[in-house]
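Student: Residues 1 to 613 (the UniProt record's numbering) are what the sequence shown spells out, left to right. Yeah, the Cβ is synthetic: ideal placement off N, Cα and C, and Gly gets one too.
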Amino acid sequence: MSSPAAVNADSEREPLLPNAANQENAEEPVAQRRPFWRRKETYLKGCGALFLIDLCVSGLLALFLLLRRYHPDVVFRYPNETIAWKPCGNVEGKPLECGTIDVPMDHFNASRSGNNTFNIPVIRLRGNADATHNILLNPGGPGGSGVNFLKTRGVGLQKAVGHDFHFIGFDPRGVGASSPPAVCFSDAKMRRTHQIHYDGDAEHDIERYDEVGNFAQACAGHMGEYAAHVNTPQTAADMNDILDALGQDGLYYLGYSYGTALGATYATMFPERAERVVIDGVLDSFAYYGNLTLESSCEDTDNAFSGFFDECVKAGSACKLSSLGQTGRDIQRNVTSFLNHLQDDGPMPVYINSTMFGTISYNSLITGIFLAMYKSQSWYPLADNLAQLLSGNATGAFLAYPDEDPIADGSNAMIEQGTFVMNNDRPSGHPAWPEDRYDVLKIAAPEAELCAPWVTSTVSGAMMSAQWKVPKAHRFAPRRDVQTRHPMLVMSSTYDPICPLSAAKRARDSFPEAKLIEVLGIGHCALSSPSMCAARLLHAYMVNGTMPEEGHTKCSRDDVPYFVDPEEKKDEEDGPKADAGSAVFVDEDADLMAALRDLSGAIPVPSFVGKRY
């Protein structure tokens with residue numbers, strides 16, 4: 001159908017009204033006035049018809065918008081953005097939208113990149129209608145999926161930080177659903193076939209040196225020219241591409257665990273765009289990029305372990321181990337004695353039924369205890385399982401801490417992806433490392449000793465780094481006195497089992513005017529300890545840029561018990577929201593505290609913990 005032509009005022013057409021000439025012979029029309037009650041009836045009918053039409057139009061519009069939001073084939077765009085978004089489900093009734101962007105293989109050498117790109121998936125949870133800034137998230141790892149993190153924790157973070165922001169999760173290059181993925185094998189079967197299991201004994205592990213070398217060679221060979229560019233500086237540059245695609249100049253960022261190294265790297269490389277950067281559970285960037293080993297990461301592991309028993313005494317009957325002693329040290333001594341016997345005597349046999357039996361070993365139990373230190377949500381079941389184990393019932397511990405690695409089926413490539421990032425970032429290969437395997441063992445020994453018995457991957461990690469075949473493709477090194485667009489906010493718990501408070505202090509001191517918030521608790525990241533004080537300071541920083549008054553602010557963990565029976569917690573959640581421990585909150589605060597409680601278990605375990613290649 002052709003488009004309607006413009007109206008010509010001089011064209012011949014039948015007049016809509018009689019012209020003057022015709023009116024001369026026309027009869028005078030007689031007005032036929034209807035009774036007023038009939039006029040009212042007509043008016044009401046007209047109004048009713050208009051109302052029905054309006055209602056139908058409104059309903060159709062609402063239906064259209066609903067279908068547009070949830071239909072997977074719908075693509076929609078926003079002003080000043082270049083990402084084509086599609087609906088991709090919802091969380092707690094809030095719609096999610098997903099898209100992708102392509103980034104150069106090498107941001108720092110266009111000729112090397114050519115047409116090669118990484119495809120980065122992004123996901124967004126939108127805030128209020130007047131929200132103008134997007135907060136980028138990284139949950140840690142390396143190898144953690146920001147897409148999955150937003151799906152599982154985005155609503156909680158939005159409740160804690162504020163609905164004034166959109167939240168963006170993304171899978172860093174090589175990680176998760178990005179492509180090409182940073183993997184060493186083509187499928188799960190190959191991964192399972194070539195898996196190497198370490199027992200944490202240095203002398204035994206060193207015998208596997210050549211196997212690790214073959215594994216490292218497979219990583220380099222499988223990814224080809226992409227391999228060298230799976231690193232943190234390139235990911236930091238990718239974040240600029242994401243911001244540009246969102247039409248946003250300054251970075252708003254929440255990074256946890258390894259995500260703190262990514263945040264600090266970005267702030268160092270692009271300080272003029274670092275507008276609201278929060279790093280929580282700090283990995284020491286100077287040690288990460290510069291040292292062969294990371295023994296400093298274990299500074300507070302023993303303190304966290306001892307704190308578990310101190311809190312057990314305070315919890316009384318809520319902690320099933322409390323009957324083993326009158327002090328935390330007494331209970332710790334009894335548990336440690338049992339662990340030592342298990343190490344000396346070998347694995348304990350467990351028989352549940354004809355299809356479920358096996359053993360529980362010292363290493364599996366130690367790893368289970370260490371991982372429980374990350375979040376107090378795990379403390380009640382840990383105490384329960386240990387109490388039963390010490391009384392001769394190993395069923396609970398066997399089911400909770402199996403000897404078989406949960407990713408032993410080869411379906412999860414996160415370990416490989418984390419291995420790429422860490423070894424491409426850090427000193428790896430020759431000449432950074434010696435070629436002799438026993439010289440490698442000597443270098444790894446201090447970290448193995450300091451982190452024992454908790455981190456059993458120190459020797460295996462050193463063997464991989466020493467034999468890494470991928471050439472380093474960046475020259476980034478952390479610097480001090482980098483003035484960012486707006487001062488950085490650093491957060492930490494008092495006793496973090498893998499990212500100590502001392503690393504947070506070094507990060508604060510490296511960036512002028514940065515401030516530190518310490519939450520007086522035990523766990524990985526300040527987020528692991530619910531604190532209204534810390535949440536309000538974080539909210540003020542993100543919304544207004546308001547910095548804490550002190551360079552080092554200490555916030556109490558709110559009166560939320562460390563030991564909570566999951567069944568009792570479920571009953572509380574099903575009932576009216578009234579309290580958090582003994583503190584009583586108004587409705588708004590109760591909602592915030594509920595979100596903080598949920599977020600206390602949000603941060604995933606770093607990929608290098610309990611590593612199995």
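(1) Just to confirm my understanding: we take Arg-126, look at its own chain, exclude 5 residues before and 5 after, and list those with CB closer than 6 Å. What are they?
(2) Let me know if Ala-583 comes out buried or exposed under the rule of 16 or more other beta-carbons within 10 Å of its beta-carbon.
(3) I'd like the ranges of any alpha helix (DSSP H) spanning at least 4 consecutive residues and lying wholly in the segment 408-472.
(4) Just reading off the alpha helix (DSSP H) that Gly-213 is part of, what are its end residues?
(5) Count the other CB atoms, across all protein chains shown, that sit within 10 Å of the CB of Asp-436; report buried if there are 16 or more and exposed otherwise.
(6) Which runs of the alpha helix (DSSP H), 4 residues or longer, sit entirely within the segment 283-321?
(7) Helix, strand or coil, according to DSSP, for Gly-545 in the structure here?
(8) Determine, using beta carbons only, whether Leu-527 and Asp-280 come nearer to each other than 9 Å.
(9) Tell me the DSSP secondary structure of Val-7 in three-state form.
(10) Using CA atoms only, rank isn't needed, just tell me which of Gly-89, Met-532, Met-542 and Ala-188 is closest to Asp-559.
(11) Who are the near neighbours of Ser-529 in its chain, counting only those whose CB is closer than 7 Å to its CB and skipping five residues on each side?
(12) Inspect the beta-carbon positions of Val-147 and Asp-130 and report whether they are closer than 9 Å.
(13) Are Pro-453 and Ile-366 close, meaning C-beta to C-beta below 9 Å?
(14) Which of the three DSSP states is assigned to Val-103 in this structure?
(15) Would the segment 102-121 and the segment 273-291 be scored as touching if the rule is three or more Cβ pairs under 8 Å?
(16) Is Asp-187 buried or exposed, if buried means 16 or more other CB atoms sit within 10 Å of its CB?
(17) Counting along the chain, where does the beta strand (DSSP E) carrying Phe-511 start and finish?
(18) Which runs of the beta strand (DSSP E) at least 3 residues long sit entirely within the UniProt domain "AB hydrolase-1" (135-285)? Give them in chain order.
(19) By Cβ distance, which residues of its chain are closer than 6 Å to Lys-237, with the 5 residues on each side in sequence left out?
(20) Let me know if His-229 comes out buried or exposed under the rule of 16 or more other beta-carbons within 10 Å of its beta-carbon.
(21) Between Gly-169 and Arg-124, what straight-line distance do the alpha-carbon atoms span, to the nearest angstrom?
(22) Using alpha carbons as the reference points, say which of Arg-475, Gly-325, Tyr-374 and Pro-349 lies closest to residue 614.
(23) DSSP three-state call for Ser-556: helix, strand or coil?
(24) Between Met-348 and the ligand FMN, is there a pair consisting of the residue's CB and a ligand heavy atom that are separated by less than 8 Å?
(25) When you compare the segment 178-185 with the segment 445-462, are there three or more beta-carbon pairs, one atom per stretch, that lie closer than 8 Å?
(26) Considering only DSSP beta bridges, list what Lys-375 is partnered with.
(27) Excluding the 5 residues flanking Ala-534 on each side, which residues of the same chain have their C-beta closer than 8 Å to its C-beta?
(28) For Asp-330, collect the residues of the same chain with a Cβ closer than 8 Å to its Cβ; drop the 5 residues on either side in sequence, then sort them by chain order.
(29) Looking only at C-alpha atoms, which of Phe-370, Arg-208 and Pro-604 sits nearest to Val-459?
(30) Distance, Cα to Cα, Arg-475 vs Pro-233?
(31) Would you check if the distance between the CB atom of Glu-295 and the CB atom of Pro-446 is smaller than 9 Å?
(32) Going by other Cβ atoms of all chains shown within 10 Å of its Cβ, with 16 needed for buried, is residue 614 buried or exposed?
(33) Just mark Leu-501 as buried or exposed, buried being the case when its beta carbon has 16 or more other beta carbons within 10 Å.
(34) Can you list, in chain order, the residues of its chain whose CB lies under 6 Å from that of Asn-423, leaving out five sequence neighbours each side?
(35) Does Gly-89 come out as helix, strand or coil in the three-state DSSP assignment?
(36) Can you tell me which of the three DSSP states Ile-522 falls into?
Tutor: The short version:
(1) Position 126 of the sequence shown, counting from 1, holds the residue named residue 126. Within the same chain, Arg-126 has close Cβ partners His-166.
(2) Here residue 583 refers to the residue found at position 583 when the sequence shown is read from its first residue. Any reading at Ala-583 must be qualified, since the residue scores a pLDDT of 46, below 50, and its modelled position is unreliable; the value itself is stated next. Exposed: under 16 other Cβ atoms inside 10 Å.
(3) Within the segment 408-472, the runs of alpha helix (DSSP H) that reach at least 4 residues and sit entirely inside it are, in chain order, 414-425, 437-451 and 458-466.
(4) For the purposes of this step, residue 213 is taken as residue 213 along the sequence shown, with counting starting at 1. First-last of the alpha helix (DSSP H) with Gly-213: 209-223.
(5) Mapped onto the sequence shown, residue 436 falls at position 436. With fewer than 16 other beta carbons inside 10 angstroms of its own, Asp-436 counts as exposed.
(6) Secondary structure in the segment 283-321: the alpha helix (DSSP H) runs of 4 residues or longer, each lying completely within the stretch, are 285-290 and 301-315 in chain order.
(7) By 1-based counting over the sequence shown, the position of residue 545 is 545. Coil at Gly-545, not helix or strand.
(8) Position 527 of the sequence shown, counting from 1, holds the residue named residue 527. Position 280 of the sequence shown, counting from 1, holds the residue named residue 280. With contacts defined by Cβ atoms closer than 9 Å, Leu-527 and Asp-280 form a contacting pair.
(9) Along the sequence shown, read from residue 1 onward, the residue named residue 7 stands at position 7. In this prediction, Val-7 scores a pLDDT of 38, lower than 50, which makes its location untrustworthy; the coordinate-derived value is nonetheless stated afterwards. Val-7: coil per DSSP, three-state reduction.
(10) Numbered from 1 along the sequence shown, position 559 holds the residue referred to as residue 559. The option with the nearest alpha carbon to Asp-559 is Met-532.
(11) Numbered from 1 along the sequence shown, position 529 holds the residue referred to as residue 529. Excluding residues within five positions, the ones whose Cβ falls inside 7 Å are Ser-493, Val-519, Gly-521, Gly-523, Arg-557 and Ser-600.
(12) The count along the sequence shown starts at 1 and reaches residue 147 at position 147. The count along the sequence shown starts at 1 and reaches residue 130 at position 130. Going by C-beta atoms, Val-147 is not nearer than 9 Å to Asp-130.
(13) For this step, residue 453 is matched to residue 453 along the sequence shown. For this step, residue 366 is matched to residue 366 along the sequence shown. Yes. Within cutoff.
(14) Taking the sequence shown and counting its residues from 1, the one referred to as residue 103 is at position 103. Look at Val-103 here: in three-state DSSP terms it is strand.
(15) Two segments are said to touch when three or more pairs of C-beta atoms, one from each, lie closer than 8 Å; by this definition the segment 102-121 does not touch the segment 273-291.
(16) Looking up residue 187 in the sequence shown gives position 187. Asp-187 is exposed by the Cβ-count criterion.
(17) For the purposes of this step, residue 511 is identified with residue 511 of the sequence shown, where counting begins at 1. Membership of Phe-511 in any beta strand (DSSP E) is not indicated, and neither H nor E is assigned to it by DSSP.
(18) Qualifying beta strand (DSSP E) stretches, in chain order: 165-170, 251-256 and 274-280.
(19) Mapped onto the sequence shown, residue 237 falls at position 237. Per the sequence shown, the amino acid found at residue 237 is Ala instead of Lys. Residues of the same chain with a CB within less than 6 Å of the CB of Ala-237, apart from the 5 flanking positions on each side, are His-107 in chain order.
(20) One-based indexing of the sequence shown puts residue 229 at position 229. Counting the other Cβ atoms within 10 Å of the Cβ of His-229 gives 16 or more, which makes it buried.
(21) For this step, residue 169 is matched to residue 169 along the sequence shown. For this step, residue 124 is matched to residue 124 along the sequence shown. For Gly-169 and Arg-124, the gap between their C-alpha atoms comes out near 6 Å.
(22) The question about residue 614 has no answer, for the chain in this structure spans 1 to 613.
(23) Taking the first residue of the sequence shown as position 1, residue 556 is located at position 556. Three-state result, Ser-556: strand.
(24) Judged by which ligands are present, the structure shown has none, so any question about the ligand FMN falls away.
(25) Contact between the segment 178-185 and the segment 445-462 is absent, because fewer than three Cβ pairs lie under 8 Å.
(26) For the purposes of this step, residue 375 is taken as the residue at position 375 of the sequence shown. DSSP output for Lys-375 lists no bridge partner at all.
(27) What you label residue 534 is simply residue 534 of the sequence shown in a count that begins at 1. Non-local C-beta neighbours of Ala-534 in its own chain, meaning closer than 8 Å and more than five positions away in sequence, comprise Met-491, Ile-517, Val-519, Ala-526 and Cys-555, ordered along the chain.
(28) As a position in the sequence shown, residue 330 is number 330, starting the count at 1. Around Asp-330: Leu-324.
(29) Locating residue 459 in the sequence shown gives position 459, counting from the first residue. That would be Arg-208, whose Cα lies nearest to the Cα of Val-459.
(30) Along the sequence shown, read from residue 1 onward, the residue named residue 475 stands at position 475. Along the sequence shown, read from residue 1 onward, the residue named residue 233 stands at position 233. Between Arg-475 and Pro-233, the C-alpha separation is close to 9 Å.
(31) Here residue 295 is taken as the residue at index 295 of the sequence shown, counted from 1. Here residue 446 is taken as the residue at index 446 of the sequence shown, counted from 1. Between Glu-295 and Pro-446, the C-beta spacing is below 9 Å.
(32) Since the first residue shown for the chain is 1 and the last is 613, residue 614 is missing from the structure and cannot be characterised.
(33) Translated into the one-based positions of the sequence shown, residue 501 becomes position 501. Buried.
(34) The residue given as residue 423 occupies position 423 in the sequence shown. Spatial neighbours of Asn-423 in its own chain (CB-CB distance under 6 Å, excluding positions within 5 residues in sequence) are listed in chain order as Ser-465 and Trp-468.
(35) Here residue 89 refers to the residue found at position 89 of the sequence shown. Reduced to three states, the DSSP call for Gly-89 is strand.
(36) Counted from its first residue, the sequence shown places residue 522 at position 522. Strand, per DSSP.
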